[in-house]
Structures are given as structure tokens and as C-alpha cells.
Amino acid sequence: MMRADIAAAEAADHIALMGSQDPGAVSVPGVRQQAGVPPGASACTTLTIPAPPSVNNLFSNSVRGRFKTPAYKAWLAEAGWRVREQMAADGCDPVPGRVVIVMGVERTSLRADLDNTAKAAIDLLVSMKVIDDDRFVTGLVLAWMPQGGHRTPIARVMIRPAEPLTLNFHPHTDGATGGWFMDAPEGEDCGDNA
1086 MMRADIAAAE
1096 AADHIALMGS
1106 QDPGAVSVPG
1116 VRQQAGVPPG
1126 ASACTTLTIP
1136 APPSVNNLFS
1146 NSVRGRFKTP
1156 AYKAWLAEAG
1166 WRVREQMAAD
1176 GCDPVPGRVV
1186 IVMGVERTSL
1196 RADLDNTAKA
1206 AIDLLVSMKV
1216 IDDDRFVTGL
1226 VLAWMPQGGH
1236 RTPIARVMIR
1246 PAEPLTLNFH
1256 PHTDGATGGW
1266 FMDAPEGEDC
1276 GDNA
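Under this note's numbering, think of the first position of the sequence shown as 1086, with each following residue one higher.
Structure (C-alpha cells):
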């Protein structure tokens, strides 16, 4: 994956692709929320990573056992590098304890299964110590995002503590993609990584 593609994706406003812009909102990965917390305050972590491979392509079996595929190893290396870079550059902290994950993945095929993308992304968050363990994922919200014109598709991931929140789904005009939108509780801000 080209690092420039992901950097460009971080600067892009995917919410505009869905035709829902709110000048008073801060866009984060597939999420809209109200701003209002001093810089540096972080109630959640938001990341842009290469789109995760399908769970069907993570492992292979042989007479010696089960092993990670070369494609999965390459994705882990690139996505891990991106997570480290963003956590350091944005001053993001890991989100300890129970969490809710909101994830949007650029859709490149109408035949792909959205739920097959979650496993690799969650395992990456655990291995990079962004979250404590996948057993602490209390809620998982997924959406196919419209393509953003990147050479390699991306995923946007928001990790929040498992606290009350309200999400609304807004489909794109094609009906095959869309995004989740939320208003952050008063006094909270997840930053602007989009």
C-alpha cells in the first residue's frame, strides 16, 4: 500500500462523499460528532489503516499446522506501521477496558462480506496495544464506505470506551455503502483524524 494514499485518506472528508456535511461537526472515521473539548483531550482513538483482508485470507493450513498467509503478514506489517505512526503523531492513547469499535471499510466488491473484515482489524488493535483484548470489545459497528479514489482501499476505525452513545446510519445514494454518524456526548471530543 502506498503510504501517500493513506496520508491522503487521512486528510479526506469521507462524510462529504455521503452528501452529509455539517459545518459544526468534526468528522472522524465514518463518524460525525460535535466538537468542543480543548485540544489534547481524547475520549477515544481514531485510526486510518489499509482495508483489512477477509477472514478467509488470514490463515492457511498445512500438515505442520495453521499459519498466517503471506498477504496477511504483509497487511499486519503495513497496518501496524500506520497505527504506530498515527498514535505517536496524534498523541492518541490506548483505550483500556471495555470498548466500542466503529469501523468503515471502503467497498471494492459487491461480493465481499463486511463482517469478514472485522477480525483482522480487531486483532491488529490488540497486537498494537490500542485495546486490551478482543474479549473487551462490547460493541462493534461496521459499514461499507464509498471508495475514496485510493490505489489501495482503506478502513477508518474509531475506538471508544464502552459508554452510552447514539449512532445513526446514513446510506449513500448507491445503497451499497454508507456511514455511521453520532453526536458526541457534551464535553467529549474524539479529535479530527479525517
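Just so you know, even glycine gets a beta-carbon here, dropped at the ideal spot from N, CA and C.
field: Which listed residue (M1188, A1228 and I1244) has its alpha carbon closest to that of H1257
entry: Translated into positions along the sequence shown, residue 1257 becomes position 172. For the residues M1188, A1228 and I1244, the minimum Cα distance to H1257 belongs to A1228.
message: Tell me the residue span of the alpha helix (DSSP H) that contains A1240.
response: As a first step, residue 1240 must be located in the sequence shown, where it is residue number 155. Segment I1239 to P1246 is the beta strand (DSSP E) holding A1240; no alpha helix (DSSP H) there.
- request: Identify whether R1236 lies in helix, strand or coil by the three-state DSSP scheme.
  value: By one-based count along the sequence shown, residue 1236 stands at place 151. Coil, per DSSP.
query: Can you give, in chain order, each stretch of the alpha helix (DSSP H) that sits fully within the stretch 1194-1227 and has at least 4 residues?
result: 1203-1212
query: In terms of alpha-carbon separation, which member of A1261, F1152, I1216 and N1142 lies closest to M1243?
result: Counting from one through the sequence shown, the residue named residue 1243 turns up at place 158. Selected option, being the one with the closest Cα: I1216.
query: Whole-angstrom Cβ separation of I1134 and V1168, contact assumed at under 8 Å?
result: Residue mapping note: residue 1134 aligns to position 49 of the sequence shown, counting from 1. Residue mapping note: residue 1168 aligns to position 83 of the sequence shown, counting from 1. Yes, they are in contact, since the Cβ atoms of I1134 and V1168 sit about 7 Å apart, within 8 Å.
field: Exposed unless 16 or more other CB atoms sit within 10 angstroms - verdict on P1138
entry: Translated into positions along the sequence shown, residue 1138 becomes position 53. By the neighbour-count rule (16 or more Cβ atoms within 10 Å), P1138 is buried.
Bounding residues of the alpha helix (DSSP H) (the contiguous stretch that carries V1168): On the sequence shown, residue 1168 is found 83 positions in, with the first residue counted as 1. Note, V1168: alpha helix (DSSP H), P1155 to D1175.
message: Buried or exposed for G1189, going by 16 or more other Cβ atoms inside 10 Å?
response: Position 104 of the sequence shown, counting from 1, holds the residue named residue 1189. When all chains shown are included, G1189 counts as buried.
Classification of P1238 by the beta-carbon crowding that lies within 10 angstroms, buried from 16 upward: Here residue 1238 corresponds to residue number 153 of the sequence shown, with the count starting at 1. When all chains shown are included, P1238 counts as buried.
message: Since V1222 and V1180 should fall inside the 8 Å C-beta cutoff, what is the C-beta to C-beta distance between them, to a whole number of angstroms?
response: Taking the sequence shown and counting its residues from 1, one reaches residue 1222 at position 137. Taking the sequence shown and counting its residues from 1, one reaches residue 1180 at position 95. Going by Cβ atoms, the distance from V1222 to V1180 rounds to 11 Å, so no, they are not a contact pair.
field: Inter-residue Cα distance where the pair is A1174 and E1163
entry: As a working note, residue 1174 is residue 89 in the sequence shown. As a working note, residue 1163 is residue 78 in the sequence shown. If you take the alpha carbons of A1174 and E1163, they lie about 16 Å apart.
query: Mind checking E1248: buried by the 16 CB within 10 Å criterion, or exposed?
result: Mapped onto the sequence shown, residue 1248 falls at position 163. Flag for E1248 reads exposed.
query: To the nearest whole angstrom, what separates the beta carbons of A1240 and A1156, a pair I think is in contact under 8 Å?
result: Position 155 of the sequence shown, counted from the first residue, corresponds to residue 1240. Position 71 of the sequence shown, counted from the first residue, corresponds to residue 1156. So it is not a contact: roughly 16 Å between Cβ atoms.
field: Inter-residue spacing [alpha-carbon to alpha-carbon] between R1151 and L1143
entry: As a working note, residue 1151 is residue 66 in the sequence shown. As a working note, residue 1143 is residue 58 in the sequence shown. Between R1151 and L1143, the C-alpha separation is close to 10 Å.
query: What separation, rounded to the nearest whole angstrom, lies between the Cα atoms of A1126 and W1265?
result: As a first step, residue 1126 is located in the sequence shown; it is residue number 41 there, counting from the start. As a first step, residue 1265 is located in the sequence shown; it is residue number 180 there, counting from the start. Residue confidence for A1126 is low, a pLDDT of 35 falling below 50, so the modelled location carries little weight; the figure read from the coordinates is stated next. Answer to the nearest angstrom: the Cα atoms are 23 Å apart.
task: Put V1148 into one of helix, strand or coil per three-state DSSP.
output: The sequence position of residue 1148 within the sequence shown is 63, counting from 1. Reduced to three states, the DSSP call for V1148 is coil.
Residue burial classification, A1261 (beta-carbon count within 10 angstroms, cutoff 16): The count along the sequence shown starts at 1 and reaches residue 1261 at position 176. Under this definition A1261 is an exposed residue.
task: With a threshold of 16 other CB atoms inside 10 Å of the CB of L1195, please say whether the residue is buried or exposed.
output: As a position in the sequence shown, residue 1195 is number 110, starting the count at 1. Label assigned to L1195: exposed.
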